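Novice: Protein chains in written order, with the numbering used here: chain A, 176 to 885; chain B, 176 to 885.
There are 2 protein chains.
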Amino acid sequence: MTKRSDLHKKNLQTLFYPKSVAVVGTNKVKGTVPGDIFTNILQADLNGIIYPVNPRETHIGSVKAYKYVIDISDPVDLAIIVFPSSVCDRALEQCGEKGIKAVIIISAGFKEIGEKGLEREEQLKAIAEKWDMSFIGPNCLGVINTDPASRLNASFARKFPAEGNIAFLSQSGALCTAVLDYAQARNIGFSKFVSFGNKADISEIDLLYYLMDDEKTKVILLYLEEISDGPGLMKAAKDVIEKSHKPVLIMKSGRTSEGASAAVSHTGSLAGSDEICDAAFRQAGIIRCDNVEEMFNIAIAFAYQPLPKSEKIAIITNAGGPGVLTTDRAIKEGLTLAEFNEETTKKFIRSLPSTANIKNPVDVIGDARADRYHAAMTGAILDENVDGLLVILTPQSMTDIEKIAEEISKIAFSSKKPIYTSFMGEADVSTGIKILQKHHIPHYSLPEAMCKPFASTLFFNKLTQQKIGDPVVFTDVDKDAALSIIEENLKAGKTYLPEYKAAKVVQAYNLPVVPNELAKSEKEAGKIADSLGYPVVMKVMSDDIVHKFDVKGVVLNVNSREEAEKTYTQIISDVNKRMTDVKIDGIHIAKQVEGGTEVILGIKRDPSFGSVVMFGLGGIFVEIFKDVSFRVAPIDKESALSMIKEIQSSEMLMGARGRMTMDIDSIADAIMRLSQLAMECPEIKELDINPLIVLKEGKGCFVADTKIII
Amino acid sequence: MTKRSDLHKKNLQTLFYPKSVAVVGTNKVKGTVPGDIFTNILQADLNGIIYPVNPRETHIGSVKAYKYVIDISDPVDLAIIVFPSSVCDRALEQCGEKGIKAVIIISAGFKEIGEKGLEREEQLKAIAEKWDMSFIGPNCLGVINTDPASRLNASFARKFPAEGNIAFLSQSGALCTAVLDYAQARNIGFSKFVSFGNKADISEIDLLYYLMDDEKTKVILLYLEEISDGPGLMKAAKDVIEKSHKPVLIMKSGRTSEGASAAVSHTGSLAGSDEICDAAFRQAGIIRCDNVEEMFNIAIAFAYQPLPKSEKIAIITNAGGPGVLTTDRAIKEGLTLAEFNEETTKKFIRSLPSTANIKNPVDVIGDARADRYHAAMTGAILDENVDGLLVILTPQSMTDIEKIAEEISKIAFSSKKPIYTSFMGEADVSTGIKILQKHHIPHYSLPEAMCKPFASTLFFNKLTQQKIGDPVVFTDVDKDAALSIIEENLKAGKTYLPEYKAAKVVQAYNLPVVPNELAKSEKEAGKIADSLGYPVVMKVMSDDIVHKFDVKGVVLNVNSREEAEKTYTQIISDVNKRMTDVKIDGIHIAKQVEGGTEVILGIKRDPSFGSVVMFGLGGIFVEIFKDVSFRVAPIDKESALSMIKEIQSSEMLMGARGRMTMDIDSIADAIMRLSQLAMECPEIKELDINPLIVLKEGKGCFVADTKIII
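Take a look at the structure:
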């Protein structure tokens, strides 16, 4: 962590637990932001002293007001600035003078309104740095801390939420009000609730590090509209997960189209920002959510119940249809229906009616009352083959809904296995649902919706039990050689490296380029071909030609010296027929590798996450099925292997169905070397190795063609 | 339609609109099915006379009771039987004698309990047929008709729903209670509500045909657990859609795993019942829904709003985040954000604040009140580039939620373009949502959820404007030849046709099998090869060998008479080395077709839908990506072409990216011929043509290998 982020962590503690708060710029007008914030703090019964600051009032709501923050004689921990944006800098400067370290700037009118606002924001940052202050905002809804030790409602949100162990961080203020409303209806409480707005100073990353050590927080939810520091976010999430075992759930909005646009390489066109975001989140252990509902569906599973040990669930229902629907979804989510052991089956035969289905999903039949749910649940939960229960109820005329809810709550209280519920319908089941919510039993209005939270908590539980290896740093690489080729071309104003130069760059990182040489004459071509051994591939080399195939600039299967010489002349004449004014550097001759499988490797620089490495099977697999995988660099061996295994067509390499097992390890090695190249030569904008020819297990792989955009 | 289904249609009119109803087997005990049904009918204020029938009571709830239904002197239109299953047959018989044509059998204890129950069900069917009666059930919740002309609540559901234009049909009774509860909370009304249980007599197909002409019904929802007559269901849905322009939404539960199991062919293993169900529904124009929520999300769009003319929408929001999320989803669903014309843009500049985003999605900013929503909505809806509005609201402290809801309702009332809404949150927005629901403006708690209903209504609107061609019936086929080969093998107890016989079957349907002949000696092999022209493919033919490649039974690229003769002996010796006791019929020699693209065609018999035809690209495309498409036979030309185009790898055939355009028409022709073969020879259980080699446009295609399981 940098010095400034260390400072933020310290100042955030003051910000959330202030003993004295100044509301700078508040006024007497109800229904306005400056007026409401003061009232909100007062009404939430802050565990501390509140000072209204207003240059023109003597008191606000019977509380003595101060002209300026420096007029307050007692020390002040936190200042909340609600002045118009044009005077925020002066107010912040005075806070600095007063020795205040924690500030929330609610005011809008900054980066979001353009140039002028951005300038103002820069001023605020400079002032904060000068005084070692930290601030949240500007342009935010504020901060809430439900901890009774603080009870801070420094926000203009309509309501103060219940206490709970979920922290919610949001870049959008508008979403915050909707979320508070949504959560209240479901009896979901929060530990901390932060709208961080333009994040000019304190960012979501600083907040993650603060929450990592916050005892009141068990689950962290984050809504992001743009990611400015992808690697930092990944690192923070990884640290939080590894050190505190708190799950990080992120909802990230992002426009669908953009992407593709002007990309020259395969990697460039396939690596859309949303796919990269998906990959990066998975890599960091972050659980990505599509919408508010899904986010809270998963959050309450984490917040309320133990984590499942395995994917083996039991479904208990009083109606067949919903049981089947839930089974279908469970299997799609990678869960399995547990097989009950003999003892459980015997219990079920004894305690359930003969019409009941005693296999998983257990159907206790429409006329089931609480006793039957009790029998089914206790039977299943004591079975060592079962690691979680999904309980479904449909309201029939004889169903004692509330009693069943109480029964479930009791069983869940004494169980170490997670129990989720779905009481279907609305009005009839509402009291039952309230009972479940009161006892912190996750409830979902659709029974299928229980499956993803179960899969997510299971994923997380497994994740926290893994040890993640450090990325290898190869020392047998020649970084300077690679950089000098790139710089030389950059200086010459070139944005595209011709293949033989691109090959040298990857060769400098010890990627196994096929033996090759550049021939400048017919004679030389014959000599080189002879020395490499047949067959060879011959390709025209020219800075002016990007798509060599299109101008007949590539010939495969050249099998003798005579053929090589003839081909040399042929290629040059073919190219010249198709392009005028083209400067040909020579003909590139390389050994033709046979009997391998073609894969593609690539690098792309993403504006949010930096260097990203792509892997896929070559040819039609990439073109048509876009069957590729991504990781953000640096990449350790395990991640490299998982990149290879996660593509749909991986069995083409794995030796399934009578196919040969190809040299996976050598691909992983190439991926890691490429990852290091991407990190150390950030001037590379896009890179394609297409194909990398992979041979049988133990035989290695060869780079047959490299394209680099700088 | 059959005679019986004609009768059902007539009797269903009596069933929904009875002037007199007998409740056969009712009693005085509240809280039981027989007791509650009587009370429910009475309380719903049926527009007709109700007669309780009970052998031991003189009156039920102050209404004079009759011992038997035949004791009622006045005519009776509808009988509802709630007796135990053991005496239902006698009760039904008496209904027949009494001249009652419409019956609902609520009682359980039939097919669902096994053999004995199935027998009872068969008895009921026989009695109904004898008396020209029609009955719904047994084992159901009953029937509701909200039409004031009837007001029939012949069910034991807890509540009588509001009047509306949505019909709901369900195989599951348990789901009905949850659905009624769900709908009530959202102010969703129904026209007809039917739990049809075991559908021993009247099926969902009969109900679809009834609802087709029911003036009160605009949208039909159907929950199915099993499909007994797939083609019938498809036909009924098509008729309803074509003749009455009413959408049919089906939620079908189905177990995930089963499928695959013991299939021998590619087609067999790829055509899981769920994939076939998906394809069949799409083919029939049915909209498949995953769960209750999605079903009603789409249903209210159909029920309340005009259908969209195009995919061009405008999003109006007071918060950026939800606008972006909705845009993302809209694009995934195939919708596009309309570009506003100049006039609209000018209007927006005039009427919205400078901080607003006046491009689509329009952000009217957090402090927007009703006037600003009004300006944005009227501007967008009058724009000829916009064909629908999605309106999002997040509750800010200044948002006049109810007024905005009223404003939206007013605009929607006078607009011919659909308007959907999403007021985010819960408690704060609840009154606003009630206003929207009252005015029949579709409301969705998640803004993204507006997109699928829009896409579904658009799909449907386009569908109803299409003319669907009749499947071609080829007359140049020799059905008898195909059947006799199959029968001969069936008689011999064979389930697998050797290739040269399978080839004859498809040849009888004029599928272009590559020139081929069976050689029985070395000499003959040479002669045949010579006459076919080189290269040829040679394959061992034996009933004992299913996987010819595995025993070295296939040799490609045979290029001369000598080679053909040598290969003949070689294959026989190779096979004999690998398999003992194998009876070889000879060596099959076929012309080797070159320069084509390999595709796969297949037939499978599905227990629900009958003959299904599959299409896919050969080799790895089918094996790894399962990139195939299905249609239920018969298949018209347009469907055949759409099968080819809808696979992901179709561009391999379409001539994209410098590839040749292959002969698509000849594939379509082969698909249609295969479809006819499947219909006319139902003994074929599975069939693979793998590969069908497709040549360049105009050059046709060739069947290179056929496998048939009978």
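We treat Cβ as the ideally placed atom computed from N, Cα and C, and that holds for glycine. Treat the numbers as computed from the prediction; the structure is a model and nothing was measured.
Using a Cβ-Cβ cutoff of 8 Å, what residues of the region 501-526 of chain A are near chain B? List them in chain order.
Specialist: Of all residues in the region 501-526 of chain A, Thr502, Asp503, Ile506, Lys507 have a Cβ within less than 8 Å of some Cβ in chain B.
Novice: Using CA coordinates, which residue listed in A:Ala240, A:Asn493, A:Glu290 is at the minimum distance from Ser347 of chain B?
Specialist: Reading the second sequence from its first residue, position 172 is the one you call residue 347 of chain B. The residue with the shortest Cα to Cα distance from Ser347 of chain B is A:Asn493.
Novice: Distance, Cα to Cα, Ala853 of chain A vs Tyr675 of chain A?
Specialist: Numbered from 1 along the first sequence, position 678 holds the residue referred to as residue 853 of chain A. Numbered from 1 along the first sequence, position 500 holds the residue referred to as residue 675 of chain A. So the two alpha carbons sit approximately 19 Å from each other.
Novice: Helix, strand or coil for Met716 of chain B? Go by DSSP, reduced to three states.
Specialist: Position 541 of the second sequence holds residue 716 of chain B. Reduced to three states, the DSSP call for Met716 of chain B is strand.
Novice: Thinking just about the alpha-carbon of each residue, which of B:Leu190, B:Met837, B:Ile302, B:Leu568 is nearest to the one in Leu386 of chain B?
Specialist: Here residue 386 of chain B refers to the residue found at position 211 of the second sequence. Out of B:Leu190, B:Met837, B:Ile302, B:Leu568, B:Leu190 has the C-alpha closest to the C-alpha of Leu386 of chain B.
Novice: Determine, using beta carbons only, whether Pro497 of chain A comes closer than 8 Å to chain B.
Specialist: As a position in the first sequence, residue 497 of chain A is number 322, starting the count at 1. Yes, Pro497 of chain A counts as interfacial toward chain B.
Novice: Consider the Cβ of Ser347 of chain A: report whether some Cβ of chain B lies at a distance smaller than 8 Å.
Specialist: Within the first sequence, the letter at position 172 stands for residue 347 of chain A. Yes - at least one Cβ of chain B is within 8 Å of the one on Ser347 of chain A.
Novice: Between B:Pro259, B:Leu731, B:Leu408, B:Ala324, which has its C-alpha nearest Gly223 of chain B's C-alpha?
Specialist: In the second sequence, residue 223 of chain B corresponds to position 48, counting from 1. It is B:Ala324.
Novice: On the criterion of 16 or more Cβ atoms from any shown chain inside 10 Å, does Leu686 of chain A qualify as buried, or is it exposed?
Specialist: Looking up residue 686 of chain A in the first sequence gives position 511. Answer is buried; the Cβ neighbour count reaches 16.
Novice: Quick one: which chain B residues come within Cβ less than 8 Å of Asn466 of chain A?
Specialist: Position 291 of the first sequence holds residue 466 of chain A. Those are Leu500, Leu621, Glu623, listed as they occur along chain B.
Novice: Should the region 331-342 of chain A be called in touch with the region 267-278 of chain A, which here means at least 3 C-beta pairs below 8 Å?
Specialist: The region 331-342 of chain A vs the region 267-278 of chain A: no contact.
Novice: Would you tell me roughly how many angstroms separate the C-alpha atoms of Leu611 of chain B and Gly364 of chain A, rounded to the nearest one?
Specialist: What you label residue 611 of chain B is simply residue 436 of the second sequence in a count that begins at 1. What you label residue 364 of chain A is simply residue 189 of the first sequence in a count that begins at 1. Cα-Cα distance, rounded: 29 Å.
Novice: Per DSSP, what are the beta-bridge partners of Pro227 of chain A in this structure?
Specialist: Looking up residue 227 of chain A in the first sequence gives position 52. A:Val198.
Novice: Can you pull the chain B neighbours of Pro570 of chain A, defined as C-beta to C-beta under 8 Å?
Specialist: To locate residue 570 of chain A, count along the first sequence from 1; it is residue 395. Those are Arg333, Thr352, Ala353, Asp356, listed as they occur along chain B.
Novice: Interface residues of chain A around Gly771 of chain B at Cβ under 9 Å?
Specialist: Taking the second sequence and counting its residues from 1, one reaches residue 771 of chain B at position 596. Within chain A, no residue comes near Gly771 of chain B; the closest Cβ sits about 16 Å away, beyond 9 Å.
Novice: Near Gly292 of chain B, what residues of its chain come up, given a Cβ to Cβ distance below 8 Å and the 5 sequence neighbours on each side ignored?
Specialist: Along the second sequence, one-based indexing puts residue 292 of chain B at 117. Ser260, Gly284, Phe285, Lys286, listed in sequence order.
Novice: Can you find a CB in chain A that lies within less than 8 Å of the CB of Phe365 of chain B?
Specialist: For the purposes of this step, residue 365 of chain B is taken as residue 190 along the second sequence, with counting starting at 1. Output row for Phe365 of chain B: interface = no.
Novice: Closer than 7 Å between beta carbons: that is the criterion. Which residues of the region 569-603 of chain A meet it against chain C?
Specialist: Judged by its chain identifiers, the structure shown contains no chain C, and its protein chains are A and B.
Novice: Comparing C-alpha positions only, which one of B:Ala489, B:Cys270, B:Ile475, B:Met426 sits nearest to Cys464 of chain B?
Specialist: In the second sequence, residue 464 of chain B corresponds to position 289, counting from 1. Of the candidates B:Ala489, B:Cys270, B:Ile475, B:Met426, the one whose C-alpha sits nearest the C-alpha of Cys464 of chain B is B:Met426.
Novice: Please confirm if Ile488 of chain B has its CB atom under 8 Å from at least one CB of chain A.
Specialist: Residue mapping note: residue 488 of chain B aligns to position 313 of the second sequence, counting from 1. Answer no: the Cβ-Cβ gap between Ile488 of chain B and chain A never drops below 8 Å.
Novice: Measuring only between beta-carbons, confirm whether Asp211 of chain B sits less than 8 Å from chain A.
Specialist: The sequence position of residue 211 of chain B within the second sequence is 36, counting from 1. With 8 Å as the cut-off, Asp211 of chain B counts as an interface residue toward chain A.
Novice: Quick one: list the residues of chain B neighbouring Phe800 of chain A, beta-carbon separation under 8 Å, in chain order.
Specialist: As a first step, residue 800 of chain A must be located in the first sequence, where it is residue number 625. Correct list: Phe800, Asp802, Gln823, Ser824.
Novice: Tell me, please, whether the CB atom of Ala324 of chain B is closer than 8 Å to any CB atom in chain A?
Specialist: Position 149 of the second sequence, counted from the first residue, corresponds to residue 324 of chain B. Ala324 of chain B does not count as touching chain A.
Novice: Could you tell me which of B:His234, B:Tyr226, B:Leu621 sits nearest to Asn466 of chain A, measuring between CA atoms?
Specialist: Indexing the first sequence from 1 puts residue 466 of chain A at position 291. For Asn466 of chain A, the nearest C-alpha among the options comes from B:Leu621.
Novice: Give the secondary structure of Thr502 of chain B by DSSP, where H, G and I count as helix, E and B as strand, and everything else as coil.
Specialist: Along the second sequence, one-based indexing puts residue 502 of chain B at 327. Note: Thr502 of chain B maps to helix in three-state DSSP.
Novice: Shorter than 8 Å from the beta carbon of Gly554 of chain A to some beta carbon of chain B?
Specialist: As a working mapping, residue 554 of chain A is identified with position 379 in the first sequence. Answer no: the Cβ-Cβ gap between Gly554 of chain A and chain B never drops below 8 Å.
Novice: Is there at least one Cβ from chain A nearer than 8 Å to Gln218 of chain B's Cβ?
Specialist: The residue labelled residue 218 of chain B in the question sits at position 43 within the second sequence. Chain A contact via Cβ: absent.
Novice: Decide if Ser432 of chain A is buried, meaning its Cβ has at least 16 other Cβ atoms within 10 Å, or exposed.
Specialist: Your numbering for residue 432 of chain A matches position 257 in the first sequence. The predicted position of Ser432 of chain A is uncertain, since its pLDDT is 43 and thus under 50; no value can be drawn from it.
Novice: Beta carbons nearer than 8 Å to chain B: which residues of the region 192-207 of chain A have them?
Specialist: Under the 8 Å Cβ criterion, the region 192-207 of chain A contributes Gly206.
Novice: Counting Cβ pairs, one atom from each stretch, are 3 or more of them under 8 Å apart for the region 450-464 of chain B and the region 501-516 of chain B?
Specialist: Not touching, per the Cβ criterion.
Novice: Does Ala360 of chain A have its Cβ less than 8 Å from a Cβ in chain B?
Specialist: Translated into the one-based positions of the first sequence, residue 360 of chain A becomes position 185. Ala360 of chain A counts as touching chain B.
Novice: How close, in whole Å, do the beta carbons of Gly498 of chain A and Ile567 of chain A come, if the pair is a contact with beta carbons under 8 Å?
Specialist: Within the first sequence, residue 498 of chain A is the residue found at index 323, counting from 1. Within the first sequence, residue 567 of chain A is the residue found at index 392, counting from 1. Going by Cβ atoms, the distance from Gly498 of chain A to Ile567 of chain A rounds to 6 Å, so yes, they are a contact pair.
Novice: Looking at the strands, I want to know which residues DSSP matches up with Asn691 of chain A.
Specialist: In the first sequence, counting from the first residue as 1, residue 691 of chain A sits at position 516. Note: Asn691 of chain A sits in a beta bridge opposite A:Ala765.
Novice: Looking at Ile747 of chain A: is its Cβ nearer than 8 Å to the Cβ of Ala704 of chain A?
Specialist: The count along the first sequence starts at 1 and reaches residue 747 of chain A at position 572. The count along the first sequence starts at 1 and reaches residue 704 of chain A at position 529. Their beta carbons are not under 8 Å apart, which means Ile747 of chain A does not touch Ala704 of chain A by this criterion.
Novice: Consult DSSP for Met827 of chain A and reduce its assignment to one of helix, strand or coil.
Specialist: As a first step, residue 827 of chain A must be located in the first sequence, where it is residue number 652. If DSSP states are grouped into helix, strand and coil, Met827 of chain A belongs with the helices.
Novice: For Lys374 of chain B, count the other beta carbons within 10 Å of its own beta carbon; 16 or more makes it buried, fewer makes it exposed. Which is it?
Specialist: Position 199 of the second sequence, counted from the first residue, corresponds to residue 374 of chain B. Buried, because 16 or more other Cβ atoms sit within 10 Å of the Cβ of Lys374 of chain B.
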